[in-house]
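Numbering (my numbering), first residue to last: 3 to 202. Think of the CB as a built atom: it goes at the ideal place given N, C-alpha and C, for glycine as much as any other residue. Computed from a predicted structure; not experimentally measured. Presented below is the structure to which this report refers.
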């Protein structure tokens with residue numbers, strides 16, 4: 003561990019750099035956006051805008067998601083949020099589905115974990131992971147995987163989709179929200195659902 007001004011830095015703090023007064027992660031050279039509190043506030047605003055686009059829901063195709071996550075005896079329901087950002091989506095899913103475990107992964111831990119006024123449900127956890135190289139460490143036990151605007155930080159999207167299909171159980175759902183650039187002046191948000199019927 004490194005030391006800074008008389009205190010020991012955590013591994014997460016060592017992966018951060020300051021440039022022009024903004025905090026950036028140093029582990030993924032493709033992802034150029036900041037990772038500080040201001041960026042997390044922007045992500046929370048984006049989260050609320052997407053909920054409006056989805057009619058107040060956290061996800062598209064509510065009937066499919068609720069069916070995939072319906073309680074079943076002797077089966078633990080699990081949700082993976084790849085590129086969790088501020089962690090808001092994962093936390094709200096944990097509140098909506100208290101019988102399911104939610105894991106949010108991202109290049110840095112969500113600032114929300116350092117906010118004593120914000121409660122993280124006990125069925126929600128976060129892990130520092132790079133979707134480009136750490137997906138192989140994630141077990142194939144998930145019923146739903148959620149990816150929202152992760153394209154900026156992905157080196158090989160084919161590999162990412164292969165990895166996501168691998169971590170989903172047969173019949174699992176991939177919830178994908180991304181940008182579809184029509185022209186320089188117009189960018190549309192696209193929300194899609196993919197049903198994974200068998201493992202690759």
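Rounded separation between residue i and residue j - CA only
i           : j           : result
residue 111 : residue 29  : 13 Å
residue 60  : residue 54  : 9 Å
residue 176 : residue 135 : 19 Å
residue 139 : residue 145 : 17 Å
residue 42  : residue 69  : 31 Å
Of the residues the options, the one placed nearest residue i, counting alpha carbons only
i           : options              : result
residue 180 : 104, 84, 116 and 109 : 84
residue 104 : 147, 156 and 63      : 147
Three-way DSSP call (helix, strand, coil) for residue i in this model
i           : result
residue 162 : helix
residue 22  : coil
residue 101 : coil
residue 38  : coil
residue 133 : coil
residue 44  : helix
residue 58  : coil
residue 17  : coil
residue 155 : helix
Residue environment, residue i, which counts as buried when at least 16 other CB atoms sit within 10 Å
i           : result
residue 40  : exposed
residue 7   : Because residue 7 carries a pLDDT of 42, less than 50, the predicted location of this residue cannot be relied on, and the following value inherits that uncertainty. Label assigned to residue 7: exposed.
residue 164 : exposed
residue 159 : exposed
residue 22  : exposed
Inset, instruction - Indicate whether the contact test is met: 3 or more Cβ pairs, each with one atom in the region 146–165 and one in the region 114–127, closer than 8 Å. - result: Under the Cβ criterion (8 Å, minimum of three pairs), the region 146–165 does not count as touching the region 114–127.
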